Amino acid sequence: MKETNDAALSDVRQAIERGTAKVSLRDLEKKGYRQVKVLKAGDIDKLVHQAVLSVLAKRGHKLVDESEREKFEQEAKAEYQKLLKARNTAQGDNTELSSKLQSYKEKAKEIAKERDELKEKVGKQRDKLLDLETRRQEAEARALQFEKQAKDERHRSEKANDGLKDEREKLEAEIERKLEKERRRLRDEKEELQSLQNQGAKEFKAERTALEDKVERSREDADRRVKEAEEKAKERIRELKAEKAELEDEKKAMYEKNMAGQQKLVQTYERQIADLRREKEDAVRDAANSEDLADAQASVARAKAQHAALTTQVKTLEKEKADAETEVERLRAELAEERLGAKAGNVKMEQMLAGLAEMIQSRPAQADTSALGGDLEKMFDKFSNSMSERLSRRMVDDKGEVIDADQAAAAALTGMMLDEAAGKQMETNLEKVEVVGTKTKGDVKSKLARLRSLKGGK
Amino acid sequence: MANEEKRPDVTIDFGRNPAGQDAAAPAAAPAAPAPVPAAPKAGGSQGMASQVNLKPGKGLDIGTANLLSAVRDVDENVIVKQQRNAFIDIEQNDFTRNMLTKMGVQYVVLNNKMIVIGDPAFDLANIYNRETRRPMKHGMISPDESDALPIEKLLIERLLGQPVCKGEHVYFSVPAEPIDFDMNVVYHENIFKGLLEKLGYVSKPIPEGLCVVLSELAEDDFTGIGISCGGGMFNVAVAYKATAPLRFATSRGGDWVDRNVAMALGIKASRATYLKEKAQDLRAPKSREEQAVDIYYRELIRYTLTQIKDRFEKGSDMPNFPDPIDIVFAGGTSLITGFIEVVKEEFEKIQFPIPVKNIRRAEEALTSVCRGALVAAAADDDNPEE
């Protein structure tokens, strides 16, 4: 029997186990269950056990078949639910009452606490009031004492003020007296100074007027001297120009004449030399072609004699040619000297112009002719530069000169100078010149291609 | 130099001395002085065999301060050579001759005077506080220097060497007529033409400004303004499709800066040249000397731009360009740092009558003119093919 009851309880427990679920308190809180009732598993077993016992007691201990057993179980379950409900209700009431009791207890505690606090506050207020009262009384005592002291001070101060006032008035009077005396002295000094200033101004004005007159006279004198110098310079420039033109004409004529004569002479000599050489060659050729030995010998003798005569002639002619060349050299040297003379004249003129420019620059800065001075300075500078350049460039001038009137003449001169340069023997160790750079490939080629494409050519 | 590093090994005999010594050999121990060989006959072919690797056609920049030549080899490398166009005469004796030879200083004995040539002349001038002598003045052969022509002949002979073939063309730069100075170039042009022809070349003059255009404005179909900033002059060419209908020069150049700096500082012009060439940056002078250089450089630039503007405004021969053009500066005087920036600053101050796209300096400003002359020589249909 005992085993049967245990088996039934085990079934009930398993059924409860299957029909319930474990839920955490947090999840319950999330679902809004802040308070839950908890039934212990032992209590459930106990209730089921009681319910079973109760049913068994009502029905007797005769479970005959399956249907009865099921009915019995249903009744047991119903009984169980009923008992469970009654217990829950009782327990709920109990919990509610316990809760209310707890709440009342807490409220009572709070009230007691508030009462204690109030009592404490009241005590403190009372102490404070007593303290304030004490301080008020002390303050009143001090105020009375201060009032009394103030009254005494005021009295003493009034007495002292009367004495100070007299002293101050005395001092002010003394200062005023001294100031008045000083003012008087200063006034006198100022009047004296004014008088002196008036006198100085008159003297200064007189001196300034005298100086201005002097400056004006100097300025006029300087202007006059400048004009005179300018006139003289212009006159001298005209003279130099005329002299230069004459010199150039004379030089040109002489040079051309001599050159033409000498060149003609040289050409004649050269022609004669060529003729004689030709004759000599003919004579030698004739001698070689002669069949008759005697004739040949005679021809040879003739040729030899001719050769000797020709040699003498050639020597004479060469000497004459050398003399002519010497004459040409002499003429060239003369020409160079003339150039040097022209240069010296130029230097002299430059010196004169420089002196003149210096004089213009040294004139008083405020002279009325400053504008004219500036122009003159520029004019003379320009003129001086132009003259220097023209004279120093020798044969490169464009007017009145022999050489650069046309390009052909320039080319002829160039040829002569180059011949001269080529004839100069120079000793040198100049064996190398520095290579400063090398371009990479395609530099010239690409440019050539572009140039040719522009031309539309190859 | 970077370019030298890039240069491929080429076996050229260009610039060799008569004894066959290599031009690129160190200058420390030159050989004993040798007499200058006679110039080859016109059209002659002496030395041709030794220059087979060079293409016919040469460019020559005859500048007041520098002489430069340009030539192509068969691999299309352009070889440029430079020689400073200055000299100084010193006392001639055996001791000096030996010393100069040992130091590798180039000299010539002429008319019983020992003449030191090139950069060493500047060094000696600075040491002895003297002026260098210049074969050229204001862009042209100097009338004041009696020794100018033999010296120029010698230097050019050494720069160009002999023609690689009969009828080889050499284009040489000539200045244009200056607009602010009374001068013509006929004598100068003929002197160099004759000199080059005596060396066996067919010589043709080409304006300096046009050389800059040919060298630097290929991308713009050789259209624009080329300005060669030389020692004696600034040469301008206004070009349209490789022709320069308008070209002129102004009379101030690097020498003008030197002269004025020398006067301002109370020093020799050679010393001023040295100060100018070592100046760091035109816009940030760091000493009294650099300040003087800066002042006169700015004045030179301002003056030149104003002259150019006036010439453009007054002339009726200005081409009408359809598009804005480039202005390219070249020449040794443009090499100083900050030059183009100062040009741009001064350019902003004037109303230039032509729309300008860009103002720039040639990539290799010093060699631009000779390279342009080389292009002209190579493009000449009469120049012999290789």
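Going down the list, the sequences are from chains A and V.
Counting in the working numbering, the first sequence runs from 609 upward without gaps.
Counting in the working numbering, the second sequence runs from 162 upward without gaps.
Every residue, glycine too, gets a C-beta built ideally from N, C-alpha and C.
Please read all numbers here as calculations on a predicted model, not as lab measurements.
Query raised in the report: Does the beta carbon of Q267(V) come closer than 9 Å to any beta carbon on chain A?
Result: Indexing the second sequence from 1 puts residue 267(V) at position 106. Interface criterion met: the Cβ of Q267(V) is under 9 Å from a Cβ in chain A.
**Report entry** Cross-strand partners of F248(V) (DSSP beta bridge)
**Finding:** The sequence position of residue 248(V) within the second sequence is 87, counting from 1. DSSP, once it has assigned bridges, lists I278(V), R294(V) as partnering F248(V).
Query raised in the report: From K693(A) to K645(A), what does the alpha carbon distance come to, in whole angstroms?
Result: Numbered from its first residue, the first sequence carries residue 693(A) at position 85. Numbered from its first residue, the first sequence carries residue 645(A) at position 37. Each residue's Cα considered, the two are about 12 Å apart.
Query raised in the report: Using a beta-carbon distance cut-off of less than 9 Å, what residues from the stretch 374-388 of chain V approach chain A?
Result: Listed in sequence order: L375, S376, A379, E380, D382, F383.
Query raised in the report: Among Y641(A), R642(A), K685(A), Q699(A), which residue has its Cα nearest to the Cα of V660(A)?
Result: What you label residue 660(A) is simply residue 52 of the first sequence in a count that begins at 1. Sorting Y641(A), R642(A), K685(A), Q699(A) by C-alpha distance to the C-alpha of V660(A) places K685(A) at the top.
Query raised in the report: Looking at the C-beta of K1053(A), does it have a partner C-beta in chain V at a distance below 9 Å?
Result: Start at 1 with the first residue of the first sequence, and residue 1053(A) comes out as number 445. By this cut-off, K1053(A) is an interface position.
Query - DSSP three-state assignment for Q643(A), whether helix, strand or coil - result: One-based indexing of the first sequence puts residue 643(A) at position 35. Three-state DSSP puts Q643(A) in coil, outside helix and strand.
Requested in this report: Out of L356(V), A286(V), A491(V), point me to the one whose CA is closest to Y435(V)'s CA.
Outcome: The residue you call residue 435(V) lines up with position 274 of the second sequence. The option with the nearest alpha carbon to Y435(V) is A286(V).
Report task. Using beta-carbon positions only, say whether Y332(V) and G218(V) come within less than 9 Å of one another. Result -> Position 171 of the second sequence holds residue 332(V). Position 57 of the second sequence holds residue 218(V). In this structure, Y332(V) lies near G218(V), with their beta-carbon atoms less than 9 Å apart.
**Report entry** Cβ separation of G493(V) and A247(V), assumed to be a contact under 8 Å, to the nearest whole Å
**Finding:** Counted from its first residue, the second sequence places residue 493(V) at position 332. Counted from its first residue, the second sequence places residue 247(V) at position 86. Wrong, their Cβ atoms sit about 12 Å apart, outside the cutoff.
Requested in this report: Please state if the CB of N396(V) and the CB of R413(V) are separated by a distance shorter than 9 Å.
Outcome: Here residue 413(V) corresponds to residue number 252 of the second sequence, with the count starting at 1. Here residue 396(V) corresponds to residue number 235 of the second sequence, with the count starting at 1. Cβ atoms of R413(V) and N396(V): not closer than 9 Å.
Requested in this report: Specify whether the stretch 1056-1063 of chain A and the stretch 534-544 of chain V touch according to this definition: at least 3 beta carbon pairs, one from each stretch, less than 8 Å apart.
Outcome: yes
Requested in this report: Spell out whether any CB of chain V is found under 9 Å from the CB atom of Q1060(A).
Outcome: Along the first sequence, read from residue 1 onward, the residue named residue 1060(A) stands at position 452. Rather than Gln, the amino acid found at residue 1060(A) in this sequence is Arg. So yes, R1060(A) belongs to the interface.
Requested in this report: Find out if the Cβ-Cβ distance for the pair V374(V), A410(V) is shorter than 9 Å.
Outcome: On the second sequence, position 213 is the one that residue 374(V) refers to. On the second sequence, position 249 is the one that residue 410(V) refers to. No, these two residues do not count as a Cβ contact at 9 Å.
**Report entry** Y362(V) burial status per 10 Å Cβ neighbour count (16 or more: buried)
**Finding:** Mapped onto the second sequence, residue 362(V) falls at position 201. That one is buried.
Query raised in the report: What first and last residue would you give for the alpha helix (DSSP H) that runs through H349(V)?
Result: Taking the second sequence and counting its residues from 1, one reaches residue 349(V) at position 188. Counting along the chain, the unbroken alpha helix (DSSP H) around H349(V) starts and ends at 347-359.
Query raised in the report: According to the neighbour-count rule (16 or more other Cβ atoms, all chains shown, within 10 Å of its Cβ), is G533(V) buried or exposed?
Result: Here the question's residue 533(V) lines up with position 372 in the second sequence. So G533(V) ends up on the buried side.
Query raised in the report: What does M1034(A) reach in chain V if we use C-beta pairs closer than 7 Å?
Result: In the first sequence, counting from the first residue as 1, residue 1034(A) sits at position 426. Those within 7 Å of M1034(A) in chain V are V197, V269, V270, L271, P311, L315.
Report task. Pick helix, strand or coil for R1058(A), following the three-state DSSP scheme. Result -> Position 450 of the first sequence, counting from 1, holds the residue named residue 1058(A). The answer is helix: DSSP assigns R1058(A) an H, G or I state.
Query raised in the report: Shortest alpha-carbon distance to L378(V) belongs to which of N421(V), D487(V), I317(V), G220(V)?
Result: Here residue 378(V) refers to the residue found at position 217 of the second sequence. The candidate whose alpha carbon is nearest that of L378(V) is D487(V).
Query raised in the report: How would you list, in chain order, the residues of chain A whose beta-carbon sits under 9 Å from the beta-carbon of E369(V)?
Result: Locating residue 369(V) in the second sequence gives position 208, counting from the first residue. The contacting residues do not exist; E369(V) stays about 17 Å from chain A at best.
Report task. Assign L481(V) to one of two classes, buried (16 or more other C-beta atoms within 10 Å of its C-beta) or exposed (fewer than that). Result -> As a first step, residue 481(V) must be located in the second sequence, where it is residue number 320. Looking at the sequence provided, one finds Asn at residue 481(V) rather than Leu. N481(V) should be labelled exposed.
Query - Bridge partner(s) assigned by DSSP for A400(V) - result: Taking the first residue of the second sequence as 1, we reach residue 400(V) at position 239. Paired residue(s): G385(V).
Report task. Just confirm the distance between the C-beta atoms of I251(V) and M275(V), as a whole number of angstroms; I'd bet it's less than 8 Å. Result -> Translated into the one-based positions of the second sequence, residue 251(V) becomes position 90. Translated into the one-based positions of the second sequence, residue 275(V) becomes position 114. Contact holds; Cβ gap of about 5 Å.
Query raised in the report: How would you list, in chain order, the residues of chain A whose beta-carbon sits under 7 Å from the beta-carbon of L357(V)?
Result: By 1-based counting over the second sequence, the position of residue 357(V) is 196. None at all; the shortest Cβ gap to chain A is about 10 Å.
Query - Residue of L655(A), R634(A), K732(A) minimising C-alpha distance to I624(A) - result: Residue numbering aside, residue 624(A) sits at position 16 when the first sequence is read from its first letter. For I624(A), the nearest C-alpha among the options comes from L655(A).
Query raised in the report: Should L496(V) be flagged as near chain A, meaning a C-beta pair shorter than 9 Å?
Result: Position 335 of the second sequence, counting from 1, holds the residue named residue 496(V). Taking Cβ atoms only, chain A never reaches closer than 9 Å to L496(V), which makes this a no.
Query raised in the report: For the 8 Å Cβ check, are there 3 or more pairs between the stretch 306-326 of chain V and the stretch 220-235 of chain V?
Result: yes
**Report entry** chain A contact residues for K402(V), given Cβ-Cβ distances below 8 Å
**Finding:** On the second sequence, position 241 is the one that residue 402(V) refers to. Neighbours of K402(V) on chain A, chain order: L1062.
Report task. Using the DSSP secondary-structure output, state which residues sit across from C390(V) in a beta bridge. Result -> For the purposes of this step, residue 390(V) is taken as residue 229 along the second sequence, with counting starting at 1. Here C390(V) is bridged, per DSSP, to F395(V).
Query raised in the report: Going along chain C in order, which residues have a C-beta closer than 7 Å to the C-beta of A540(V)?
Result: Going by chain labels, chain C is absent from the structure shown, which instead holds the protein chains A and V.
Query - Residue span of the beta strand (DSSP E) that contains Y268(V), given as start and end - result: Taking the first residue of the second sequence as 1, we reach residue 268(V) at position 107. For Y268(V), the enclosing beta strand (DSSP E) begins and ends at 268-271.
Query raised in the report: Can a CB atom of chain A be found closer than 9 Å to the CB of E306(V)?
Result: Translated into positions along the second sequence, residue 306(V) becomes position 145. With 9 Å as the cut-off, E306(V) does not count as an interface residue toward chain A.
**Report entry** Member of V1052(A), R792(A), T628(A), M1034(A) whose CA lies at the smallest distance from the CA of N272(V)
**Finding:** On the second sequence, residue 272(V) is found 111 positions in, with the first residue counted as 1. When each option's Cα is compared against that of N272(V), the closest is M1034(A).
Query raised in the report: What residues in the stretch 214-234 of chain V have a beta carbon less than 7 Å from any beta carbon of chain A?
Result: R233
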